[in-house]
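Asker: Next up is a structure, given as structure tokens.
Number of protein chains: 2
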Amino acid sequence: MIPEITVYSPATIANLVCGFDVLGLALAEPADKMTIRLLSERTVIVRHTDDFGLPEEAARNCAGAALLAMVEELPANIGFEVVCEKRIKPGSGIGSSAASAAGAVVGANMLLDGKFSNNDLVRFAMSGEEVASGSRHADNIAPCIFGGITLIRSNHPVDIVAIDSPPLYVTVVHPQIEVKTSDARAILKKQIFLKDAVTQWGNVAGLVAGLMKGDYGLIGRSLEDVIVEPVRSILIPGFAELKSRCKAAGALGGGIAGAGPSVFMLSTSAAIAQSVAEAIDSVYGPMGIPYHTYITTISPQGVRVVDDGLC
Amino acid sequence: MIPEITVYSPATIANLVCGFDVLGLALAEPADKMTIRLLSERTVIVRHTDDFGLPEEAARNCAGAALLAMVEELPANIGFEVVCEKRIKPGSGIGSSAASAAGAVVGANMLLDGKFSNNDLVRFAMSGEEVASGSRHADNIAPCIFGGITLIRSNHPVDIVAIDSPPLYVTVVHPQIEVKTSDARAILKKQIFLKDAVTQWGNVAGLVAGLMKGDYGLIGRSLEDVIVEPVRSILIPGFAELKSRCKAAGALGGGIAGAGPSVFMLSTSAAIAQSVAEAIDSVYGPMGIPYHTYITTISPQGVRVVDDGLC
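Sequences listed follow chains A and B, in order. Count along the first sequence from 1, add 14, and you get the number used in our numbering. Count along the second sequence from 1, add 14, and you get the number used in our numbering.
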């Protein structure tokens, strides 16, 4: 019998408003379901059972590219097949490519009895992200692998820090429009004002301190982005109105999930998260934009096993 | 008898390498000694018993300007006299002006039975900083008033966050050269690269997380500044060599104290802090620059009472 494992790989939210390219969190749902099988030759085979039309050629697929990076550091008689049932819509901004890349290498590593460290897995999965966005960023991958809220202090070398947090509910809305991560990166200014950067790192520090102290007020005050949001929010219909109504409904704050177009809001209770979802309806309903809303929580776990085929 | 109070107002270190304009810490020593007396008319009188030659005209003196800002929000029959015995050399980079401004208003507020909040006191003291440097920054004032390590999440409105830390020893060297805060500000670039800002806020977040977790390794890795230090360090003789030898001697890391010229290093023990002081000697001794070295700790308290003349 071929050793195999099935995992759930969670959606993630990168940036967390002020923490562009360094902060991220794992969502309890949605999650991709992936089965990884150990093969006895250096090859990577990718199949999709979903209908998102993603390329199955390994080097052009996020899961495939991540596994190819991994097999390069393994003996020549080891390869993998991965069967992906994607439930996180590609291009939604909640880490669809990271879930593919991270789920594949975490599952594969389980089949290798944990040969690689989590930091190695982040490095492999970044090769998957590169296929999707052209950049080796880890801000979705880190929370997808580690769970919870993560800080990427450094990409080279990989230095990931778990950030504790008090209970938080997450309302996510995915307006069904396309925003390519590469486009969302291209519109950012390469240079910024030092005074804006100071405001931003004050907020980043405030958010980390607020999360670790469990200080909801401080978390809310720190969820401000003076650098990326003013540029990217123009790509998201009704963003200012959406944010304003969600905060009026009781959200601590929130903003663009990763590169968008999804928008997320953090709340202190399920009831408030529900009111926030209704505030979203009040903006997007009349606008006639198709959209989908989730209410979920932060997942303390990253990629997790569904069914262990080894036993 | 005229109500009076005598306080110690501590030296402080702003920026803490990566946290330009937002982070600061209070030192156990040196500290200015200040006596504040309550007067029965709206006037502010400043006297110095030290020989630093600072202006005694209230509006041109840090303590005086801070008290003038305070009396504007008090009834017309309240004023203050302040007698300053400065022990923190002006222009050293360890918050001499902030100590004057903060000590004066904290002492005055004690004479008013704590009428004003700490955030009000920060606001008044910023008027004192303005006299010294032309800018209303609070990164020395906040730790001087609150003690410990502080984050200024926002200046307008004032939002100060106490950051817990594990025990840390601080070695400070003050090369006896003049670096004006206004000059040290003027040489900074107004625009910076977004990619450098991302590196910086990753480190700021890492430093806050490291301090709050008591993770010395993370604190050390986060003490990197890719924005301000590369520009300002050219004003400090032998900076690169100094930093390199201090780290080799066991310091977690460190950098320019505020706008300089003092340089500080953090260590996990008094013995290492002493070795770091010897590493400083090995660089500055042969260079023939007059310098003064302190070994101290972080003070959990800010401005503190010496002798309460009220009773």
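Even for Gly, the Cβ is constructed at its ideal location relative to N, Cα and C. Predicted model only: the values in this text are computed from it and were never measured.
Return no unless some Cβ of chain B is closer than 8 Å to the Cβ of F66 (chain A).
Answerer: No, its Cβ sits nowhere closer than 8 Å to a Cβ of chain B.
Asker: Along chain B, in chain order, which residues have C-beta atoms closer than 7 Å to that of V240 (chain A)?
Answerer: Here the premise fails: no neighbours, minimum Cβ distance about 11 Å.
Asker: Identify each residue in the stretch 157-178 of chain B for which the Cβ-Cβ distance to at least one residue of chain A is less than 7 Å, and report them in chain order.
Answerer: The residues in question are L165, I166, R167, S168, D173, V175 and I177.
Asker: Which of helix, strand or coil does DSSP assign to E70 (chain B)?
Answerer: Of the three classes helix, strand and coil, the one that applies to E70 (chain B) here is coil, per DSSP.
Asker: Output needed for A291 (chain A): all residues of its chain with C-beta closer than 7 Å, excluding positions within five of it in sequence on either side, in chain order.
Answerer: Same-chain partners within the cutoff: T185, T307 and I309.
Asker: Could you have a look at L237 (chain A) and say whether DSSP puts it in helix, strand or coil?
Answerer: Here L237 (chain A) sits in coil by DSSP.
Asker: Are D46 (chain B) and A122 (chain B) touching if we call contact CB-CB under 8 Å?
Answerer: Not in contact: D46 (chain B) and A122 (chain B) (Cβ atoms no closer than 8 Å).
Asker: For A223 (chain B) and A83 (chain A), I'd like the C-alpha separation in whole angstroms.
Answerer: Those two C-alpha atoms are separated by around 31 Å.
Asker: To the nearest angstrom, report how far apart P171 (chain A) and R61 (chain B) are at their CA atoms.
Answerer: Near 54 Å, if we compare the C-alpha coordinates of R61 (chain B) and P171 (chain A).
Asker: Count the other CB atoms, across all protein chains shown, that sit within 10 Å of the CB of S236 (chain A); report buried if there are 16 or more and exposed otherwise.
Answerer: Answer is buried; the Cβ neighbour count reaches 16.
Asker: Given 8 Å as the limit, is there contact between the stretch 97-106 of chain B and the stretch 54-74 of chain B, that is, 3 or more CB pairs closer than that?
Answerer: The stretch 97-106 of chain B, when compared against the stretch 54-74 of chain B, does touch it at the 8 Å Cβ threshold.
Asker: Taking only beta-carbon positions, decide if R150 (chain A) is within less than 8 Å of chain B.
Answerer: Not an interface residue.
Asker: Mind pulling the chain A residues with CB within less than 8 Å of R61 (chain B)?
Answerer: None at all; the shortest Cβ gap to chain A is about 36 Å.
Asker: Would you list, in chain order, the members of the stretch 195-228 of chain B that have their beta-carbon closer than 7 Å to a beta-carbon of chain A?
Answerer: Residues L202, K203, K204, Q205, I206, F207, L208, A211, V212, Q214, W215, G216, N217, V218, A219, G220, V222, A223 and M226.
Asker: Check whether chain B comes within 8 Å of V36 (chain A), counting only Cβ atoms and requiring the distance to be less than that.
Answerer: Interface residue, yes.
Asker: Which residues does DSSP list as the beta-bridge partners of D331 (chain A)?
Answerer: Only positions 15 to 325 of chain A appear in this structure, which leaves residue 331 (chain A) out of reach.
Asker: Could one say the Cβ of R235 (chain A) lies closer than 8 Å to chain B's Cβ atoms, at least one of them?
Answerer: So yes, R235 (chain A) belongs to the interface.
Asker: Could you give the first and the last residue of the continuous alpha helix (DSSP H) run that contains K257 (chain B)?
Answerer: From DSSP, the alpha helix (DSSP H) with K257 (chain B) extends over F253 to A262.
Asker: For the stretch 270-277 of chain A against the stretch 245-253 of chain A, are there 3 or more C-beta pairs whose distance is under 8 Å?
Answerer: Yes, the stretch 270-277 of chain A is in contact with the stretch 245-253 of chain A.
Asker: Taking the CB atoms as reference points, tell me whether E143 (chain B) and R137 (chain B) lie closer together than 8 Å.
Answerer: The answer is no: Cβ separation not under 8 Å.
Asker: Please state whether the Cβ-Cβ distance between I286 (chain A) and G269 (chain A) is less than 8 Å.
Answerer: No, the Cβ-Cβ distance between I286 (chain A) and G269 (chain A) is not below 8 Å.
Asker: Per DSSP, what are the beta-bridge partners of I163 (chain A) in this structure?
Answerer: Paired residues: A:L39 and A:I177.
Asker: Among all the DSSP beta bridges, which residues are the ones paired with F392 (chain A)?
Answerer: The structure shown does not extend to residue 392 (chain A), since chain A is modelled only from 15 to 325, so the question has no answer here.
Asker: CB A73 (chain B) to CB A79 (chain B), shorter than 8 Å?
Answerer: Taking 8 Å as the Cβ cut-off, A73 (chain B) and A79 (chain B) qualify as a contacting pair.
Asker: Would a check of beta-carbon distances place G33 (chain B) closer than 8 Å to chain A?
Answerer: Chain A contact via Cβ: present.
Asker: At least one CB of chain B closer than 8 Å to the CB of L232 (chain A): is that the case?
Answerer: Yes - at least one Cβ of chain B is within 8 Å of the one on L232 (chain A).
Asker: Under 8 Å, with one C-beta from each stretch per pair, do the stretch 157-164 of chain A and the stretch 313-320 of chain A reach the 3-pair mark?
Answerer: A contact exists between the stretch 157-164 of chain A and the stretch 313-320 of chain A.
Asker: Which of the three DSSP states is assigned to K47 (chain A) in this structure?
Answerer: Residue state, collapsed to three classes: strand.
Asker: Is it the case that the Cβ atoms of V36 (chain A) and D239 (chain A) are separated by a distance below 8 Å?
Answerer: No, Cβ-Cβ distance for V36 (chain A) and D239 (chain A) is not below 8 Å.
Asker: With distances taken from CA atoms, which of B:T195, B:L125 and B:A118 is nearest G146 (chain B)?
Answerer: The sequence shown places Ala at residue 146 (chain B), not Gly. Minimum Cα distance to A146 (chain B) is reached at B:T195.
Asker: What ranges does the alpha helix (DSSP H) occupy inside the stretch 192-240 of chain B, keeping only unbroken runs of at least 4 residues that lie completely in it?
Answerer: Listed in chain order, the complete alpha helix (DSSP H) runs (minimum 4 residues) inside the stretch 192-240 of chain B are 195-200, 208-227 and 230-236.
Asker: Would you mind reading off the limits of the beta strand (DSSP E) that contains P304 (chain A)?
Answerer: Taken as a continuous stretch (DSSP letters only), P304 (chain A) belongs to no beta strand (DSSP E), as it is neither H nor E.
Asker: Tell me whether S54 (chain A) sits in a helix, a strand or coil according to DSSP, three-state version.
Answerer: S54 (chain A): coil per DSSP, three-state reduction.
Asker: Taking the straight line between their C-alpha atoms, what separation do you get for S23 (chain A) and L225 (chain A)?
Answerer: So the two alpha carbons sit approximately 24 Å from each other.
Asker: Would G148 (chain A) be called buried (16 or more neighbouring beta carbons within 10 Å of its own) or exposed?
Answerer: Label assigned to G148 (chain A): exposed.
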